[in-house]
Amino acid sequence: DGGITQSPKYLFRKEGQNVTLSCEQNLNHDAMYWYRQDPGQGLRLIYYSQIVNDFQKGDIAEGYSVSREKKESFPLTVTSAQKNPTAFYLCASKGDSQETQYFGPGTRLLVL
Amino acid sequence: AQSVAQPEDQVNVAEGNPLTVKCTYSVSGNPYLFWYVQYPNRGLQFLLKYITGDNLVKGSYGFEAEFNKSQTSFHLKKPSALVSDSALYFCAVRDKGGYNKLIFGAGTRLAVHP
Chain C
1 DGGITQSPKY
11 LFRKEGQNVT
21 LSCEQNLNHD
31 AMYWYRQDPG
41 QGLRLIYYSQ
51 IVNDFQKGDI
61 AEGYSVSREK
71 KESFPLTVTS
81 AQKNPTAFYL
91 CASKGDSQET
101 QYFGPGTRLL
111 VL
Chain Y
113 AQSVAQPEDQ
123 VNVAEGNPLT
133 VKCTYSVSGN
143 PYLFWYVQYP
153 NRGLQFLLKY
163 ITGDNLVKGS
173 YGFEAEFNKS
183 QTSFHLKKPS
193 ALVSDSALYF
203 CAVRDKGGYN
213 KLIFGAGTRL
223 AVHP
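Those protein sequences? They're chains C and Y, same order as listed. 2 is the number that our numbering gives to position 2 of the first sequence; each next residue is one higher, with no gaps. 160 is the number that our numbering gives to position 48 of the second sequence; each next residue is one higher, with no gaps.
Okay, here's the thing in structure tokens:
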């Protein structure tokens with residue numbers, strides 16, 4: 001899992017509640033990504049950021065929001081508009097001259 | 113559209129036997145291909161990648177993969193499987209559309225039996 005940390009490991013969300021997943025990296029990578037993993041479906045891109053103060057929607061951005069105020073941090077908020085949030089969420093980062101994305105340990109989000 | 117297919121949901125291998133996990137891709141131009149492994153409730157660990165050069169790529173933990181352009185395949189192999197290799201394996205291709213998005217296959221569960 002290298003220098004990427006995600007917290008918490010498990011997160012419980014109540015109906016109508018927004019929750020925020022943390023992703024921090026100390027690899028000095030410019031690009032950061034959020035993926036959602038559902039059983040049997042591989043990973044799907046939610047949001048990505050190539051640089052501080054800039055981010056773009058991925059394939060399944062509805063019901064999610066992000067910010068990138070610091071190079072090291074890329075938090076993901078799961079809003080109440082996301083009707084099926086139960087999944088495993090993975091954060092990744094990539095250096096400028098690299099092709100490989102490196103992943104954090106993940107956060108499992110469950111709905112109460 | 114670019115895509116990755118992993119045709120087997122699960123592969124069963126006896127310890128000590130060679131293993132192959134299959135991956136085929138559909139992408140325009142020259143692909144950037146990756147293999148990752150995931151252990152239960154953990155993030156993805158990078159195993160190896162093909163960008164250019166030799167078609168046989170060697171990676172971590174004794175794994176290797178062979179890029180075959182004519183068959184659009186990038187199968188993961190290991191000469192002698194270990195029980196500890198049991199995990200979920202993902203093949204991915206870089207999206208040529210930009211921002212380095214990875215397009216993942218659905219994953220193949222490898223079970224190595226003693």
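We put the beta carbon where it would ideally sit given N, CA and C, even for glycine. Just so you know, these numbers come straight off a predicted model, no measurement behind them.
Roughly how many angstroms separate the alpha carbons of residue i and residue j, rounded to a whole number?
i              : j              : result
S65 (chain C)  : E178 (chain Y) : 39 Å
V133 (chain Y) : H187 (chain Y) : 6 Å
R206 (chain Y) : Y35 (chain C)  : 14 Å
T184 (chain Y) : L112 (chain C) : 44 Å
D1 (chain C)   : E69 (chain C)  : Annotation note: pLDDT 47 at D1 (chain C) (below 50); position unreliable, no value reported.
Q56 (chain C)  : G40 (chain C)  : 26 Å
P226 (chain Y) : E62 (chain C)  : 45 Å
Q118 (chain Y) : N53 (chain C)  : 36 Å
Using a Cβ-Cβ distance under 8 Å, would residue i count as near chain C?
i              : result
F186 (chain Y) : no
Y144 (chain Y) : yes
G174 (chain Y) : no
N212 (chain Y) : yes
G141 (chain Y) : no
R206 (chain Y) : yes
K161 (chain Y) : yes
F179 (chain Y) : no
Cβ of residue i within 8 Å of Cβ of residue j?
i              : j              : result
K9 (chain C)   : T77 (chain C)  : no
V123 (chain Y) : C203 (chain Y) : no
V149 (chain Y) : A199 (chain Y) : yes
W147 (chain Y) : G174 (chain Y) : no
F216 (chain Y) : Y102 (chain C) : no
If you count every other CB in all the chains shown that lies within 10 Å of the CB of residue i, and 16 or more means buried, which is it?
i              : result
T220 (chain Y) : buried
V195 (chain Y) : exposed
D121 (chain Y) : exposed
S185 (chain C) : The structure shown does not extend to residue 185 (chain C), since chain C is modelled only from 1 to 112, so the question has no answer here.
L21 (chain C)  : buried
I4 (chain C)   : buried
Q17 (chain C)  : exposed
Verify the CB distance criterion: does residue i have a CB-CB separation below 8 Å to chain Y?
i             : result
F12 (chain C) : no
Y47 (chain C) : no
E24 (chain C) : no
For residue i, go through chain D and note every residue whose CB falls closer than 8 Å to its CB, in chain order.
i              : result
F202 (chain Y) : No chain D is present in this structure, whose protein chains are C and Y.
Could you check which residue in the options has the C-alpha nearest to that of residue i?
i             : options                 : result
S80 (chain C) : C:T5, C:F12, C:G3, C:I4 : C:F12
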